[in-house]
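> Residues 33 to 154 (the working numbering) make up the sequence shown, in order. Cβ coordinates follow ideal geometry from the N, Cα and C atoms, glycine included. Keep in mind the model is a prediction, meaning the values are calculated, not measured.
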Amino acid sequence: MVSEAISYLGLPKYGKLMLGDRGIEFFSDRNVADNMTFPWESIGALEGRVIRKKKIGRNFTIVLQNKSKVRFSSKEAGKVLKVAREHLGDEKVVRSQTFIGGVKNIPGNFIALFNKKDKLDV
33 MVSEAISYLG LPKYGKLMLG DRGIEFFSDR NVADNMTFPW ESIGALEGRV
83 IRKKKIGRNF TIVLQNKSKV RFSSKEAGKV LKVAREHLGD EKVVRSQTFI
133 GGVKNIPGNF IALFNKKDKL DV
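See below:
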């Protein structure tokens with residue numbers, strides 16, 4: 033599958049996003065040095081934006097195994113997520129966290145910092 037896309041790694045870069053048997057590739061329209069390749073094995077998750085539990089937004093994020101994120105935008109984001117789900121599985125194509133959801137988790141994350149973890153006796 034081929035789709036027009038914008039990469040937001042640094043400054044926005046326009047190009048084509050290709051999804052194939054080996055992974056996801058982004059080809060920049062202007063500079064060959066801006067091309068990116070993500071093998072399916074290196075992708076930890078693919079986060080899509082869902083608006084009001086109905087509409088899929090144009091933005092999606094590729095989360096790599098090392099927890100780094102690369103954000104893209106495409107008019108065909110829904111089709112991109114469906115094709116990626118075929119290769120990654122349902123458990124790795126997820127909804128991105130909303131702003132309100134992130135704010136709700138702040139107290140729990142703050143408390144978790146100060147809780148002592150159980151030490152294992154070896």
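#1: For Asp-153, name the three-state secondary structure that DSSP assigns.
#2: With burial defined as no fewer than 16 other Cβ atoms inside 10 Å of the residue's Cβ, what is the status of Ser-100: buried or exposed?
#3: Return the CA-CA distance between Val-154 and Thr-69, expressed in angstroms with no decimal places.
#4: To the nearest angstrom, report how far apart Ala-37 and Gly-52 are at their CA atoms.
#5: Taking the beta strand (DSSP E) that Leu-96 falls in, what are its first and last residues?
#6: Could you name the residues that DSSP lists as bridge partners for Val-64?
#7: Once the 5 residues before and after Arg-103 are set aside, which same chain residues still bring their CB inside 6 angstroms of it?
#8: At which residues does the alpha helix (DSSP H) containing Arg-103 begin and terminate?
#9: Does the distance from the CB of Leu-78 to the CB of Leu-49 come in under 9 angstroms?
Once the coordinates are examined:
#1: Taking the first residue of the sequence shown as position 1, residue 153 is located at position 121. At Asp-153 the pLDDT is 48, less than 50, meaning the model places this residue with poor confidence; the figure from the coordinates comes in the next sentence. Secondary structure of Asp-153 (DSSP, three-state): coil.
#2: Along the sequence shown, one-based indexing puts residue 100 at 68. Ser-100 is exposed by the Cβ-count criterion.
#3: What you label residue 154 is simply residue 122 of the sequence shown in a count that begins at 1. What you label residue 69 is simply residue 37 of the sequence shown in a count that begins at 1. Residue placement at Val-154 is flagged as unreliable, the pLDDT there being 44, under the threshold of 50; the coordinate-derived value follows with that caveat. The alpha-carbon atoms of Val-154 and Thr-69 are separated by roughly 43 angstroms.
#4: As a working mapping, residue 37 is identified with position 5 in the sequence shown. As a working mapping, residue 52 is identified with position 20 in the sequence shown. Cα to Cα, Ala-37 sits roughly 16 angstroms from Gly-52.
#5: The residue labelled residue 96 in the question sits at position 64 within the sequence shown. Unbroken beta strand (DSSP E) run through Leu-96: 87-96.
#6: Residue mapping note: residue 64 aligns to position 32 of the sequence shown, counting from 1. None; Val-64 has no bridge partner.
#7: As a working mapping, residue 103 is identified with position 71 in the sequence shown. Here the set comprises Tyr-40, Thr-93.
#8: Stepping through the sequence shown from its first residue, residue 103 is reached at position 71. For Arg-103, there is no enclosing alpha helix (DSSP H); the enclosing beta strand (DSSP E) covers residues 101-105.
#9: As a working mapping, residue 78 is identified with position 46 in the sequence shown. As a working mapping, residue 49 is identified with position 17 in the sequence shown. Against a cut-off of 9 angstroms, the Cβ pair of Leu-49 and Leu-78 comes out as no contact.
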